[in-house]
Structure formats: C-alpha cells, structure tokens
Ligand SMILES: Cc1cc2nc3c(=O)[nH]c(=O)nc-3n(C[C@H](O)[C@H](O)[C@H](O)COP(=O)(O)OP(=O)(O)OC[C@H]3O[C@@H](n4cnc5c(N)ncnc54)[C@H](O)[C@@H]3O)c2cc1C
Ligand SMILES: Cc1cc2nc3c(=O)[nH]c(=O)nc-3n(C[C@H](O)[C@H](O)[C@H](O)COP(=O)(O)OP(=O)(O)OC[C@H]3O[C@@H](n4cnc5c(N)ncnc54)[C@H](O)[C@@H]3O)c2cc1C
Ligand SMILES: Cc1cc2nc3c(=O)[nH]c(=O)nc-3n(C[C@H](O)[C@H](O)[C@H](O)COP(=O)(O)O)c2cc1C
Ligand SMILES: Cc1cc2nc3c(=O)[nH]c(=O)nc-3n(C[C@H](O)[C@H](O)[C@H](O)COP(=O)(O)O)c2cc1C
Ligand code: FES
Ligand code: FES
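Protein chains in written order, with our numbering: chain F, 1 to 309; chain G, 310 to 618; chain U, 619 to 889; chain E, 890 to 1160.
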C-alpha cells in the first residue's frame, strides 16, 4: 500500500489534495505517535493533532470522561503541551510521516488565534490549520466564538490574514442554525469547514448527587451523535461552496459513505480511535474495497450525491 | 396500588399536583388506550397524548422512522386525528382514567394555538395543556416558534390568555441557548416548561444514496440524547422558577433520579414506551423502592439537589 | 385480543437453511389466542440494545395451543440475536399483534403465494385453512425463492400439511425457473380464487394487481419498519386507498394496527 | 514495548468466588513482553457496544510465555461480558499498556499490600520477584478483603508461590479483623521495606502516606476511568506532584501512560 491510489483522492482546504478522505479528529489521536503501532500513519488522508494553545494547558481536573449510551462525554479542558513544545517535541516525529499534518488551534482571544497562526506559518511540515472555535470545555472565549456568526467571521478572517496555509474552521453543533456559522466561516475566508465538534452534554451520578464530570458539562461524541452530525453536514454543504469535512460518530466505512453522500469531501474519525485504535486504516481498506466493487469509480464522485427528490 | 403514596407527589404547572413524577411523552403513548393492557394507567403521574392540531393531519409519507445507535429518528409529521375527533373519540376513554390528562397541542400559526387553547378550555377532563413549539417535522411555523425566544414568549402568552388550564411549554433543544427560550416561556406566563423535544437529525442509506426518511430530516430521541437533555434541564432549571419537566432518553428509574437531581420536578418517558410498553409502571415501582430505601423521604426532596461545588 | 408482554422459553431451534432458523417457543398464553397473520415484537438484544427496537416476526405455526414457532431469516443484529437463542433461554415478546388473515367462511379455491421468508405466516394460515372448511384439493401453494435450498424445507412442510405445492426459483435450481408470480397463470382462469400472499413488496404488488384485475379476493401481509408494533409511534404508515386512504383523500394505513394483513384494494400500490 | 491489538483465545475460565473469575488466554505475543503492573484494554461487548469503551484489566499472571491470566470482578456490563467468555471464544485485547512496577535490582525486604480484586497485578509481580533476586523469607504479602471468601483463594495462590501471606478482613471472618493497612504496623520498623500496593484508592493513599513518612520506597497502581488506555484521550488524569505535577505547578499524570504504577511521591494524594 505504498503507492497512492488516485481513486481515493479528494480536495479539501484551498488546494490541499489528500490521498484519501480519512483524517483523524483532533483530541482523539494524540500527536500521531501514539498510534504508530496500530496504523500505518503514512497512509492516512491527514493527521489532525490534539488542539494546541499558545501556552501549555493542564486541562480540567478529573473526572474528565464518562461513558454514555453509544457515546461518551469529555471535559479534557484542552490539555496540551503548548505551541513551543509542540513544535520542538512533536513536529520532528510528524515531519517524518508522509500524511499531511493539520494543526488544530484554540485560543481565548482573537490575539491568541492570530499569534498561533503566525507562528505555525513559520513552522515547516504543516499542511493546514484547523481552527477550533467550538470547544465547549473552555469557559472563556471559546463558546462565544463558536456560536455567534459574527465572531466566527472575525476569527476566520484574522487567522486567514496571518497565515498562507489553508485554513479549516471547525464548527460547533451547539447552535440554532448551523448554516449561519458555516456561511460566516466561508465569508471570513475559510478554505474549508469541518463539523461537528461535540454536543454539550452532562451526566449525573445519582448516588453521589454530583455531576460525573468535575467540569459539570462536557462534549458528547461517538455513534450517538451521528444523526445530528449528518444533518448538519448536509445543511452546511447546501449553503457553502468550500469543502465540508464531516465528523461525528464515524466507526465504519458505511458511516464514511453516508457523510460523503450527504456532502462531505472528507471525514474525521474521533471517538472510534479510542476504542479500536486501527479504525482509520480499517476504514481506509473498506473504502478501497468499495471503490473496487463500484467499478473503480473515484470516490470523490459520491460527494454530495444525496437524492432528496 | 390503588392508594396514593404522598411520598411520590410532585407539583407541576400552576398548582397541578401529580401523584408521582412519571408522565408519558407526547407521541409515544398514543392516546393512552394503546397501553391499557401494559400498564395500570390510573397509576401514572399524568398521561400526555399525541400532539393535537385543529384539523386532522395525515402526517409525512413513509419511511417515517429509522433506528440509530442507541436512538431513533422520527418524522411522523404530527399525524393526528384533529381536535374534534380527539374530543369526541379519545376523551371519553381518557376521562375514565384517574391519571391527569395533559393535551399536547401544535399549530402552524398563533391563531391555531389560540383556537386550540380555547376549545380545550371548554373540554372537561383535561388537567393541563402542553404547547409543542418545537417539533422539527413541521416545515411551516413550528421551527421558528421553538427557536426564537421572542416567538416563544408570544406563543406562551397567547395560549395563556385563552385558557384557565395550567400551561406547560415544551422546548426545542435545537437552540444555541436553552436558557433564553426557557426564560422567554416563563416570562410569557408558562406554568412549567418541559424539555427536551427531539434533536434534529438525519440518516442516509448509502446504497440508495437517499435519506432514510422521506422527510429527509427527523427528530432524534432515545438514550443517545440523554446527556444533552440532562444538560439542558440543568441549565434551564438554573434560570427559571417555574417547575421543569425533564424528557430525553429515560429508560430506567436511575435515569429519572438523574433528571430530578439535575432540577426536574417531573419527567416524561418517550421512546422507552415503544420498546418496553410497561416502562412507565416499572419505573414507578422503582421509584417507590428508592423512596423506601431512602428512609421514606419524599421524592420531591431530591429535586435540584445536584452538588456542583 | 389485547396484546401483552411475556417471556417465552426457547424449546427448540432448528436450522432450515444457511441463514434461516425455526424457533419453537413455549408460551401458552400467546399460542391460545394468536391467529394466522398476526405477529409478535421480539427483543433482539440484551438490555436496551443495540438494536434498540424490538423486531416484528410473524407467527409461523402454533402447536398444541402451547407453543408458537417463528421462522427467522438472519439479516442483521436483531434477527441474529433472536435466531441465536438456545433451548432453555428466554425471549421477551409483545403480542399477539395486528390484524391477521380473514379465513373464508365457506369452502372454495384458495391460492397461497409466498416469497422467501415471507412465507412464514402463510404456514400457520394454511394449516388453519386445511383444518377448517378448505379441502386440500382446492388449495394451491406457490412458493418462490432465490434458489432451491431457500425453499425446499418449507415446501416439504407444506406438503406434509397435505397441500399441493408448486415451486419457482430465480435460478431454476428447483421447480419453475422464474418468478413465483408467474405461477399465477397456472390457476384455472374460469374459477374464482381466494389469494393470500406474503413476501417481498414487488411480489405482493404483482399478486395484488393480478387479483384486483380479476376481482379475486386477495389478502396481503405487508412489511414496514416498526418501532413499537402497538400503534403508539405511527411509524409504520403505508399510503392507503379509499375514503380513509391517502389516495382517496384520507390518510395512511398503519401496518401494525390496521394490518399487517390488508385487502389488496386497501393499499395504494402506485404510491 | 509498543502496544498492539490482538485476539486472544480463551483457554480457561475459573470461578474464584461469587463474582470473581480468572480467565486464561492464549496470546503468546503479549505473554512474552508484558511486565508486572501492565494492563490490557479488553473489549467488553460484541461489535461497537454498549459498553462502547474497552475495559482496563491488569495482567494477573503470565504462564509459559504463552498465556496470560486476568482476574476479573464483575461490576457492570463490560466485566460481565468479559468474565462470561467461554473456552474457545476470543477476546479482543490492546496491550501491553502502561508503565509497570519497577523491580528491585538487589535483594531486600519487600512488602505487597493488596485489597480485593486490586490484588490482580500483585500476583504476577510477586511471582517475578520470587523468580528474581528476592528471597521468600524477605517478602510479606498482606491481603485484605471484605470477607474470607473474597480473599482465601488468592491467599492460597500467593502461598503456593512460596510467599508468607497475612490476611485482614473487614468482618473478621479470616485473619486480622480490620483494614489491611493496619497490618503495616507488623513490619519491623527498623528495617527498610520496599512496598508495592494495589487496591481501593483510600487504601493506597494510606499505604503511600505511611511509606512516605518512613521514606520507604513505595509503588502504587492507580485506577481511573479510561476511554482508550493508549494515551490518546487524556481522560485518565490524576493530579501529580513535583515540577511536572499539578501540586508543583505542573499538570496531571495520565494513569494509562505515566502509570498505572507510580512512586507514592509522584501523586498529589491531598487533591
Ligand atoms: C409484520 C412483520 C412480520 C415479519 N415477519 C418476519 C418473519 O416471520 N421472519 C423474518 O425473518 N422476518 C420477518 N419480518 C422482517 C423482520 O422484522 C426484519 O428482518 C428484522 O426486523 C430485521 O432486523 P435485524 O436487526 O436483523 O436487521 P436490520 O439491521 O434491522 O435490517 C437489515 C436490513 O433489512 C432491512 N429491513 C429490516 N426490516 C425490514 C422490513 N420490515 N421491511 C423491509 N426491510 C427491512 C433494513 O433496512 C436493513 O437493510 C417481519 C416484518 C414485519 C413488519
Ligand atoms: C489500570 C487498571 C487495571 C484494572 N485491573 C483490573 C483487574 O485486573 N480486574 C478487575 O476486575 N478490574 C480491574 N480494573 C477495574 C475495571 O477496569 C473496571 O471494573 C471495569 O472497567 C468496569 O467495567 P464494567 O462495564 O463492568 O462496569 P461499569 O458499569 O463501567 O462500572 C461499574 C461501576 O464501577 C465504577 N468503575 C468502573 N471503572 C472504575 C475505575 N477504573 N475506577 C473506579 N471506579 C470504576 C463505575 O463508575 C461504576 O460505578 C482495572 C482498572 C484500571 C484502570
Ligand atoms: C477525548 C476527546 C478530546 C477532544 N479534543 C478536541 C480538541 O482538542 N480539539 C477539537 O477541535 N476537537 C476535539 N474533540 C472533538 C473531536 O475532534 C470530534 O469533533 C468529536 O469527538 C466528534 O467526532 P467523533 O464522534 O468521531 O468522536 C475531542 C473529542 C474527544 C472525544
Ligand atoms: C415517534 C415519536 C413521536 C413524537 N411525537 C411528538 C408529538 O406529537 N408532540 C411532541 O411534543 N413531541 C413528540 N415527540 C417527542 C417526545 O415527546 C419526546 O420529547 C422525545 O422523544 C424525547 O424523549 P425520549 O428520548 O424519551 O423519546 C415524539 C417522539 C417520538 C419518538
Ligand atoms: S410500529 Fe409503531 S405504530 Fe406501528
Ligand atoms: S485512557 Fe485515554 S489517555 Fe489514558
């Protein structure tokens, strides 16, 4: 599988062509190296690393995770090594991987997003930036950014103005109208949008009468949220012209096909990595089988082919 | 179990006292009679019937339902017999039941809501009205009502002005800020709010490249949505002073306790009725056991006792 | 008869072909009241799933007023779970559900048309017909399948009831090489036939239209996705005909309540 | 050693007490490399659940470099599924995971303190210790349980390794009537002890603080909820001490990566 199969190639984000549509979702694939024994990282469409902030963050106190019906809540609180450590400690490994590396960034202010974009622009080996404006775990800033179209526009525009790298804006599902934030990201100059981030949820320990997460609320992910994600991807793809990257509960190749048919040019696999660490490669093999069973037609031909008539 | 156990009593909606907090969710319990062989209807806290409109509605074309991971999508399209048939055909049976009957209403316009409220005010045997402003299946009217706080206020106020019955406003989860619509309902004079209605979702048949619902999108319910429901109930209960009724993915007595601890004065059981038609009574028995194991303390004492410090 | 919920003990589980199984369940309360064409909603998982929903399965046969049999084709997780239960285990059932076949009050010619596992409810129907006013020589059973193995065991069972059976297979490996609906031409056109059918939707549509053309009474048992089976969710709608039907200005039929068995003329086949 | 994913065949499944089972799995690739204190993430459901997550389980013993044993207490659906696997069935595992116990380089006094099913990893540790530089007479094994039946089988197994075992039970039905941590007072205070412990968090805290007081080297194996076990989710955080620990101005320790075994002094027990 060293050779590239052009039947799986897809275009995303400002001319960035991926060898295949299978990407890893931020925060569920560490910094890539954690998975080197489970998947051939070179084969992936792209690797998106854990969200990076300017300074290291310790994250939220435990408990940070809880299992729910066909899903999980997390309130990791965006623990990460910070930009400088990321560049010095994680990038050397990532540069050796053939798959494009996309860095997910998050900040508490417009300025932080801008500084991150500038510094990453000067860092080699980074194919694109994904802007996380939607994480529900950060109490300051983050939430407002992700749910207000005007703020989405502003963050997108300021990140774009500081980097020559393609910019993907990652949208929050915790909004009344996903088409408004999708449109705002496009208007702000985003090269692509990715969705969905986690749904804001909560779990209660009835014996202790306490929340199960120290942070009280957390982000819901996994198969449980797939129907919401598919709906939002379909709605967003109907209003923007830039590529849409589908995320939410993807476990199998059938799930990937569903998202692509609904309008996604590529997908990200999140929670599934935690359970079956070889999911991305398994799904990729499945996609290849699908292409072959369909007379070798390139996979990009199914993007947005949902018949609703 | 003929005698009322006052340890289970709770107050909801404008002085309406229920013998226990277990209600049925609209659209999942028919008009009550469908379940008379599975549960002792007299024992229920309240029966909420399928949503009623002024005229009969045929509902959406099939397929109308699809199973998802730990949940289901429905796009029934609010099929119902219409107000007149409801009163003449369904009320005679319901009047014989000891449990309070709550009628869930839906309309395409303010006027329809008002007419429904007036006519139901003149109908005997109805303990309260639940206003469905949030059903995602009706393309006209409904969606806007449920997601815009100003409209929520308006609908609530006009229903209240036409009826002397307690009014429960049922909120949509498909909003950026549930506290805004919760507050709007309270400001409009609602005696209680109930939440959540279904999350807007979608399913795709990748072989046919078609949506699995003829209506394309539908409402997600079941255990999958419980974390979102709990979060919204907790958020809403923190801002309003009127009782909050919790709905979403409740299958067991533990789920009921979680919702009540998070701030719900009562709960509604929906999808679970479809799978285990005796769920409501089983849960009620469980609640009684809980009360007894806890030294006979009235169940209402646990409402809103979540410790977040 | 009002439906109820019960646990049925598995008494036998017989493999019919590759993916079809016959379960025998001890459940007298159901066996005593279930009529042909009715179905049960069986739990297809432990706890609350997945799968979340129960699974509709027709009553395939009733034995000694004490046991029922289900004929199950494994097509997904629910049927896999149910077909995998071993003797001694129990299955949670809700039933009996729906409106079954209307049996003829007098003798007459009866034709049974079954396709694949859709044949399940027709077996109980046929044994009841033959146990009643209908004579074996005035019955014709047409069974269709993709290939011989799909249908041979069932054909043998129908023959054991005393009914003359004719077979059609898609690949010609047994009986007529073609669609089972083409066997309808073998019915003497002069006579009037009462037709009962269950199988894939296109097959039933052909049967229904064929009979409507000839004004033969015809009952079909429809399949839809079902969440509840107890007419609570309104999910199992099909477009109906006539004053209450969609095509006649009315609404939808609900397969779990007004069906699963319908008169051919009640269904808006064109929608 | 990098972790990998594999299917392990169940070779044996022995009931220890009411809800505790010992599984023997044929999985040479794991057996050859797993060190004491490491764990595996085992799939606790068919397909994608529920439960969704894998379940962390310590390596209880390694046999002949070919089989591993797990000691499982059934507390919920995941452990129920795993403990219910019969010989011939397979279980999906990811492992070996985490940082295990550091074995002493020289002989010396070693004390093992186990509580309930937390004793699981200490058994493999003890057999490796005794197979290495540590002499049976310089080992003390303290095992605690709620009642005698909880701990007697394990105590016998430890004795079979040659280690002297002392028992404490909450109800006094065997050994000392009280907490296992109270047995620590039986250690000769003059000597220095190397202490290894696993069990309920409060127990380990007591052990850790006891040892820190006396400046005895002490290693504890922590438990947290884990979604992945492979340091991808950062969900298994516990407050750490020292320059990189939270209490020292740093951050959290990750039980699946920097643990599950920690030096007593690494953990911020007060948080
Ligand atoms: C009234 C009634 C009686 C039935 N009687 C029998 C019977 O006696 N024996 C038997 O084997 N099966 C019967 N069925 C069909 C059976 O209920 C389905 O095969 C079963 O629900 C599938 O569940 P699953 O989890 O195994 O597969 P799923 O994963 O749910 O489905 C597998 C595939 O089959 C399709 N499918 C599932 N159910 C239906 C349906 N009802 N109509 C069309 N496509 C469907 C799904 O879309 C999917 O593509 C009956 C259905 C109805 C409505
Ligand atoms: C590194 C590590 C090694 C382990 N080794 C073993 C072992 O060898 N044998 C063994 O029987 N168990 C072991 N455990 C614990 C085991 O993983 C849990 O009991 C199991 O995950 C429970 O899954 P379940 O689905 O059966 O129950 P669930 O329904 O998930 O849980 C049942 C109850 O136990 C609580 N619980 C679950 N996991 C934990 C935890 N890790 N810490 C505290 N409370 C918890 C839950 O909150 C719940 O109240 C280990 C855990 C860790 C982290
Ligand atoms: C443990 C965990 C950590 C996450 N961390 C991040 C993050 O740092 N940045 C981000 O943009 N999204 C983060 N996410 C969200 C995922 O990238 C993804 O959008 C979401 O989980 C939905 O996809 P899934 O259902 O496939 O998991 C995280 C999700 C999980 C489960
Ligand atoms: C089949 C179906 C039909 C429903 N119809 C209605 C309705 O008519 N009016 C209404 O307010 N809610 C309706 N709902 C929403 C439920 O009342 C409830 O709010 C939702 O399903 C969440 O609860 P659950 O997860 O317990 O099902 C319907 C839900 C289902 C599954
Ligand atoms: S399946 Fe629910 S009404 Fe028919
Ligand atoms: S369990 Fe996921 S990082 Fe430790």
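Glycine included, every Cβ here is placed at the ideal spot set by N, Cα and C.
Under 8 Å by beta carbon: chain F residues contacting residue i
| i | result |
| --- | --- |
| residue 1031(E) | What residue 1031(E) touches in chain F: nothing, since even the nearest Cβ is about 28 Å away. |
| residue 519(G) | 306, 307, 308 |
| residue 922(E) | None at all; the shortest Cβ gap to chain F is about 12 Å. |
Amino acids of chain E, ordered along the chain, whose beta-carbon sits closer than 7 Å to that of residue i
| i | result |
| --- | --- |
| residue 67(F) | 940, 941, 942 |
| residue 273(F) | 1121 |
| residue 28(F) | 1121, 1122 |
Residue i classed as buried or exposed, judged by whether at least 16 other C-beta atoms fall within 10 angstroms
| i | result |
| --- | --- |
| residue 795(U) | exposed |
| residue 577(G) | buried |
| residue 633(U) | exposed |
| residue 950(E) | buried |
| residue 351(G) | exposed |
| residue 305(F) | exposed |
| residue 243(F) | buried |
| residue 1108(E) | buried |
| residue 972(E) | buried |
| residue 448(G) | Confidence at residue 448(G) is low in this model, with a pLDDT of 45, below 50, so the placement of that residue should be treated as unreliable; the coordinate-derived value is given next. Exposed is the call here. |
| residue 313(G) | exposed |
Under 7 Å between C-beta atoms of residue i and residue j
| i | j | result |
| --- | --- | --- |
| residue 220(F) | residue 125(F) | no |
| residue 181(F) | residue 159(F) | no |
| residue 926(E) | residue 993(E) | no |
| residue 649(U) | residue 583(G) | no |
| residue 322(G) | residue 355(G) | no |
| residue 505(G) | residue 558(G) | no |
| residue 291(F) | residue 64(F) | no |
| residue 80(F) | residue 95(F) | no |
| residue 801(U) | residue 781(U) | no |
| residue 989(E) | residue 1150(E) | yes |
| residue 471(G) | residue 423(G) | yes |
For residue i, the three-state DSSP class (helix, strand or coil)
| i | result |
| --- | --- |
| residue 175(F) | coil |
| residue 139(F) | Confidence at residue 139(F) is low in this model, with a pLDDT of 45, below 50, so the placement of that residue is unreliable and no value is reported for it. |
| residue 1116(E) | coil |
| residue 711(U) | strand |
| residue 1023(E) | coil |
| residue 1100(E) | helix |
| residue 819(U) | helix |
| residue 760(U) | strand |
| residue 948(E) | coil |
| residue 36(F) | coil |
Residues that DSSP places opposite residue i in a beta bridge
| i | result |
| --- | --- |
| residue 23(F) | 46(F), 268(F) |
| residue 205(F) | 210(F) |
| residue 1151(E) | 1109(E) |
| residue 501(G) | 477(G) |
| residue 11(F) | 17(F) |
Contact list for residue i against chain G, beta-carbon separation under 7 Å
| i | result |
| --- | --- |
| residue 842(U) | 371 |
| residue 175(F) | 485 |
Amino acids of chain F, ordered along the chain, whose beta-carbon sits closer than 9 Å to that of residue i
| i | result |
| --- | --- |
| residue 892(E) | 37, 38, 277 |
7 Å Cβ cut-off: residues of chain F touching residue i
| i | result |
| --- | --- |
| residue 1117(E) | 274 |
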